[in-house]
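Reviewing the structure listed below.
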Amino acid sequence: MPIRTSVPDTTSAIDRSHPEFPVAELVDEDNFFKDHTPPAYLPEIEAQVREFIAHHQTTGKNVVLVTSGGTTVPLENNTVRFIDNFSAGTRGATSAEYFLENGYAVIFLHREFSLLPYSRHYSHTTNCFLDYMDEADGKIEINKKFADEMLLVLRKYRHAKDSNLLLLIPYTTVNQYLYTLQLISKCLQVAGKKALFYLAAAVSDFFLPSSKIPEHKIQSQATGTLVVNLEQVPKFLRRLVDSWAPSAMIVSFKLETDANILILKAKGALERYQHQLVIGNLLQTRKDEVVFVTSTDERWIRLTEEQKGVVDIESLIIPEVIAAHTDWTERQ
Ligand code: PMT
1 MPIRTSVPDT TSAIDRSHPE FPVAELVDED NFFKDHTPPA YLPEIEAQVR
51 EFIAHHQTTG KNVVLVTSGG TTVPLENNTV RFIDNFSAGT RGATSAEYFL
101 ENGYAVIFLH REFSLLPYSR HYSHTTNCFL DYMDEADGKI EINKKFADEM
151 LLVLRKYRHA KDSNLLLLIP YTTVNQYLYT LQLISKCLQV AGKKALFYLA
201 AAVSDFFLPS SKIPEHKIQS QATGTLVVNL EQVPKFLRRL VDSWAPSAMI
251 VSFKLETDAN ILILKAKGAL ERYQHQLVIG NLLQTRKDEV VFVTSTDERW
301 IRLTEEQKGV VDIESLIIPE VIAAHTDWTE RQ
């Protein structure tokens with residue numbers, strides 16, 4: 001049975017045994033894990049991840065953890081309402097395909113029901129999946145217009161599947177994401193420098209701690225307003241670099257909407273977390289250009305006018321990331 005992370009835990013009520021979540025302390029990450037319950041399915045994921053990593057210890061392949069999609073923040077335990085973000089998982093799913101094409105094994109930590117490698121070509125489009133098919137002599141077949149490209153995608157998909165190169169791990173809430181990220185990071189420690197983290201998920205900056213989540217659907221108020229006091233999600237990137245994955249190479253993304261602050265923010269993240277690479281992108285142009293920011297350099301990668309809308313920018317990003325990973329492992 002597949003693990004379903006989008007089904008809320010309807011059995012648990014508000015748990016007052018959890019202390020109030022403290023704000024802005026040095027040990028925020030630790031407090032988060034102390035005050036929030038891990039998802040019940042985590043041991044199952046641990047077994048899958050350990051088996052996958054052990055397998056690729058024998059194949060000798062580098063393993064990349066690609067995070068993808070957006071985390072949700074539930075406002076109720078029996079979740080009717082939640083806070084979400086725009087990410088469909090395009091960056092993550094597309095990048096995973098290019099990592100696979102370039103010889104990496106991929107753990108794909110993704111928002112459940114967001115875009116997946118290979119199926120992304122046919123899901124979430126304006127076409128209904130039946131539009132890819134035709135009827136011929138009472139049998140169903142792939143519409144000739146799509147058949148050639150679909151065959152290429154099918155071959156890559158089958159290769160990834162048959163060679164056990166792609167492990168799909170879902171999350172829905174920010175709590176599930178953080179617990180699963182921590183778990184996978186610790187499992188990946190055995191891979192040492194051969195492990196690469198590519199953090200493309202859009203992670204909530206604010207959330208409602210479990211001590212404040214009501215059990216049932218929030219009712220309409222006589223005042224007609226609802227005031228929700230969100231708290232800051234701890235910046236777990238520091239902990240990832242320092243202790244969850246100290247020997248791996250870590251690539252994080254920085255998303256902004258204001259071009260004037262993108263580089264500044266990307267440099268700030270590098271300084272704060274002391275990892276290897278920040279890839280900056282603007283919401284408005286993220287499919288056409290990104291900027292690689294390291295401690296010594298900043299370099300734009302752009303699609304040409306002819307490439308826009310035709311070429312995946314990830315086909316340019318991933319070889320560069322892999323070159324940086326190779327260089328970094330050789331220098332260690
Ligand atoms: O899915 P698409 O539609 O293709 O969109 C792709 C994308 C724009 C989401 C992707 O390219 C991207 O930029 N992802 C990172 C978005 C993001 O969370 O940016 P941020 O500025 O909020 O965070 C920067 C980094 O801090 C993140 O890499 C995250 O790992 C880290 N972070 C974030 C929140 C948090 N509480 N703690 C963190 O450590």
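Positions 1 to 332 (the UniProt record's numbering) are the ones given, in order, by the sequence shown.
Ideal Cβ positions, reconstructed from N, Cα and C, are used throughout, including at glycine.
- Pro234 is the residue among Pro234, Ala200, Ile140 whose C-alpha sits nearest the C-alpha of Phe33.
- The residue from Val228, His121, Thr79, Ile142 with its alpha-carbon nearest to that of Leu130 is Ile142.
- Under DSSP, the beta-bridge partners assigned to Tyr171 are Arg111.
- The criterion of a C-beta distance shorter than 9 Å is satisfied by Asp312 and Tyr98.
- Across the set Ile140, Leu283, Arg4, the C-alpha of Leu283 shows the shortest separation from the C-alpha of Ala259.
- Taking non-hydrogen atoms of ligand 1 into account, the C-beta of Arg286 is found less than 8 Å away from one of them.
- With a cut-off of 8 Å, the C-beta of Pro234 is classified as near ligand 1, since at least one heavy atom of the ligand falls inside that distance.
- About 7 Å separates the beta carbons of Val106 and Leu165, which is inside the 8 Å limit, making them a contact pair.
- Annotation for Asn260 indicates a beta carbon at 8 Å or more from all heavy atoms of ligand 1.
- For the options Glu305, Lys194, Asp137, Leu116, the alpha carbon positioned closest to that of Ala201 is the one of Leu116.
- The alpha-carbon of Glu76 is positioned some 5 Å away from that of Pro214.
- DSSP places Arg238 in the helix class (H, G or I) of the three-state scheme.
- His159 sits exposed, since fewer than 16 C-beta atoms from the chains shown fall within 10 Å of its C-beta.
- Contact annotation: Val251 and Gln276 have beta-carbon atoms nearer than 9 Å.
- Counting C-beta pairs with one atom in each stretch, the stretch 181–190 and the stretch 49–59 have three or more that are closer than 8 Å, which means they touch.
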